[in-house]
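Structure record follows, encoded as structure tokens.
There are 2 protein chains.
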Amino acid sequence: MKESKENAVISKATIDRLPLYYRTLKLSQEEGIEIISSDELGRKIGVTPEQIRKDLSAFGEFGKKGVGYYVRELMRNIGEILGLNRKWNIAICGVGHLGWALANYANFSPQGFHLQAIFDIDPDKIGRYINEVEIFHVSRMKEIVTERDIQIGIITVPMEFAQSTATQLVEAGIKGIWNFAPIKINVPDTIHVVSEDLSVGLSSMSYYLSRQNG
Amino acid sequence: MKESKENAVISKATIDRLPLYYRTLKLSQEEGIEIISSDELGRKIGVTPEQIRKDLSAFGEFGKKGVGYYVRELMRNIGEILGLNRKWNIAICGVGHLGWALANYANFSPQGFHLQAIFDIDPDKIGRYINEVEIFHVSRMKEIVTERDIQIGIITVPMEFAQSTATQLVEAGIKGIWNFAPIKINVPDTIHVVSEDLSVGLSSMSYYLSRQNG
DNA sequence: TAGATTGTTAATCGATTAACAATC
DNA sequence: TAGATTGTTAATCGATTAACAATC
């Protein structure tokens, strides 16, 4: 694999599309497709072929002119770029409805993510298991995170506890936070935060539908 | 309220920030804050004050120079812009872990969204209730959607059923789809689709963390 | 009035699209 | 070879940031 172009900064938009490429390639592979063009791939994802070629070109040359991309090879390359060949240990903080749902996904689809612990404060939940993963009291966070080498924390606690949970995760040594609380969390710059704000989707929908019907 | 500037097209990025403004204003109001500057609001949300003023200026003049924004008034205006003063009837399709979690949110935080029906195909689930909302068999979708004037459908079915569910929702007369299946769904242009692709978050996290640690 | 803060225009930055030479 | 499709440069489009006049 050719190395990515050294110091070039890659746009967030590009990075966010790579998982889509990866997943679609995987599906294609399972269908027995061995070669795919940027045109066909783009059609499946809903992205222009130029976009795909541009995105990929930031990392190297993965295709064959006049032919297309070898599905298997491109998948492997994108997987490597995304770091999906590694093993990531994750923990879920907060067993509400959403935390429970996420815990039950068990293996987050693109392999590599392993749920190693769940944290909560409810005495009724401590010591129980979801999908063979134990629920610990938050007070044991640092201990467990260190012991199990957990790098990513998922925040699914109620909004008012999100900031303190984030702070605890950072103190425990976590490197990345996947935040589902509808609030901005403040953490050091070295921590990578991805926020999912589910309420935005519905509200923006409301905006567009309002306009449509008059 | 001054009307929005007639034919100006408002960017998707702006629309997606309005719910954040709304929610933060609501929290501020609950704290008893009556006036807020773009600077303070931006600090709370993690957006520059210029961004906020620019976004709002697309719809009118809501502030007072040298003073700031009246929280209550700005909230009302943004709520009106987003159509949150309306009542939206929604239905959830697919009672897996995620569908179940969403059904239990009951009142989606910015009021106005009312869960009116849940659809599934599992005979064991049909006829049951989640939070006082009945689970119907998918075959009754058109009937129920019409009867209860449902405008928004939420797709939380497994990937392989997402497209057919979308098609059924459209045939039933739905106007917007909130799609949680990690796949592109094809629907007529008149239908507004918002997609939440939860797997992207973790994969992009993997990318950034890989780079960080070397 | 002086200080603060908005609303808006202009400048910059970044991302997408178009076009096409290179080449399989 | 002719046709197809990539990789990349240039052109366009859109969104953010900076600056500042207006005014409370």
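In the order they appear, the protein sequences are chains A and B.
For the first sequence, my numbering gives the first residue as 10, with consecutive numbering after it.
For the second sequence, my numbering gives the first residue as 10, with consecutive numbering after it.
Beta carbons: idealized from backbone N, C-alpha and C, even for Gly.
query, result
"Which chain A residues sit within Cβ distance under 9 Å of B/Q120?", "Per Cβ cutoff of 9 Å: no residues; B/Q120 is ~11 Å from chain A at best."
"Along chain A, in chain order, which residues have C-beta atoms closer than 8 Å to that of B/G55?", "K193"
"Could you check what DSSP says for B/K11 in three-state terms: helix, strand or coil?", "Any reading at B/K11 is ruled out, since the residue's pLDDT is 38, under 50, leaving its predicted position unreliable."
"Alpha carbon to alpha carbon, what distance is there between A/D198 and A/S204?", "15 Å"
"Relative to the C-alpha of A/S212, which candidate in B/H123, B/V154, B/Q172, B/G55 has its C-alpha closest?", "B/H123"
"Counting only Cβ pairs nearer than 8 Å, list the residues of chain B close to A/Q221.", "K184, T199, H201"
"Would you tell me roughly how many angstroms separate the C-alpha atoms of B/I61 and B/T174, rounded to the nearest one?", "38 Å"
"With a 10 Å radius around its C-beta and 16 neighbouring C-beta atoms as the bar for buried, classify A/G72 as buried or exposed.", "buried"
"Considering only the alpha carbon of each residue, which of B/R220, B/Y216, B/W97, B/L65 lies closest to B/K184?", "B/W97"
"Reducing DSSP to helix, strand and coil, say where A/E93 ends up.", "One point to set straight first is that residue 93 of chain A is Leu, not Glu, in the sequence displayed. Looking at A/L93 - three-state DSSP - the assignment turns out to be coil, as it is neither helix nor strand."
"When the Cα atoms are used, what is the spatial distance from A/Y216 to B/I19?", "11 Å"
"With a threshold of 8 Å between beta carbons, is B/M214 in contact with chain A?", "yes"
"For a cutoff of 8 Å on Cβ pairs, would you count B/G92 as touching chain A?", "yes"
"Got a sec? Which residues, its chain only, sit under 6 Å from B/V166 by beta carbon, not counting five neighbours each side?", "C102, G103, T174"
"For A/E12 and B/L207, what's the separation of their Cα atoms in angstroms?", "Residue placement at A/E12 cannot be trusted, given a pLDDT of 39 that sits under 50; the coordinates are not used to answer."
"What does a CB cutoff of less than 8 Å around B/A112 pick up in its chain, not counting 5 residues either side in sequence?", "I101, V104, L124, I127, I139, N140, V142"
"I want to verify the contact list: residues of chain A whose CB lies under 9 Å from the CB of B/A110, in sequence order.", "G105, H106, L107, G108, W109, A110, L111"
"Within 10 angstroms of the Cβ of A/G92, are there 16 or more other Cβ atoms? Answer buried if so, exposed if not.", "buried"
"Assign A/G223 to one of three DSSP states: helix, strand, or coil.", "The predicted position of A/G223 is uncertain, since its pLDDT is 48 and thus under 50; no value can be drawn from it."
"Contact check, B/N195 vs B/Q177 under 8 Å by CB: the rounded distance?", "At roughly 13 Å, the Cβ-Cβ gap does not stay under 8 Å, so B/N195 and B/Q177 are not in contact."
"Could you tell me how far apart the beta carbons of B/V80 and B/I42 are, in whole angstroms, since I believe they sit closer than 8 Å?", "6 Å"
"Consider the Cβ of B/G210: report whether some Cβ of chain A lies at a distance smaller than 8 Å.", "yes"
"Counting only runs that start and end within the stretch 23-72 of chain B, where is the alpha helix (DSSP H) found for 4 or more residues in a row?", "47-54, 58-66"
"Check whether the Cβ atoms of A/R137 and A/I144 sit closer than 8 Å, and answer yes or no.", "yes"
"Please name the residue or residues paired with A/A100 in a DSSP beta bridge.", "A/A126, A/G162"
"Do B/P58 and A/V209 have their C-beta atoms within less than 8 Å of each other?", "no"
"Decide if B/K14 is buried, meaning its Cβ has at least 16 other Cβ atoms within 10 Å, or exposed.", "Low confidence applies to B/K14: its pLDDT is 49, below 50, so where it sits in the model is not reliable enough to give any reading."
"Could you tell me whether any non-hydrogen atom of the ligand ADP is closer than 7 Å to the CB of B/I139?", "With respect to the ligand ADP, the structure shown offers nothing to examine, as it has no ligands at all."
"Quick check: is the beta carbon of A/P28 nearer than 8 Å to any beta carbon in chain B?", "yes"
"At a Cβ threshold of 8 Å, is B/Q38 touching chain A?", "no"
"Can you pull the chain A neighbours of B/L218, defined as C-beta to C-beta under 8 Å?", "G92, W97, Q160, I161, K184, G185, H201"
"Take A/M214 and list the residues in its own chain whose beta-carbon comes closer than 8 Å to its own, dropping the five residues that flank it on each side.", "none"
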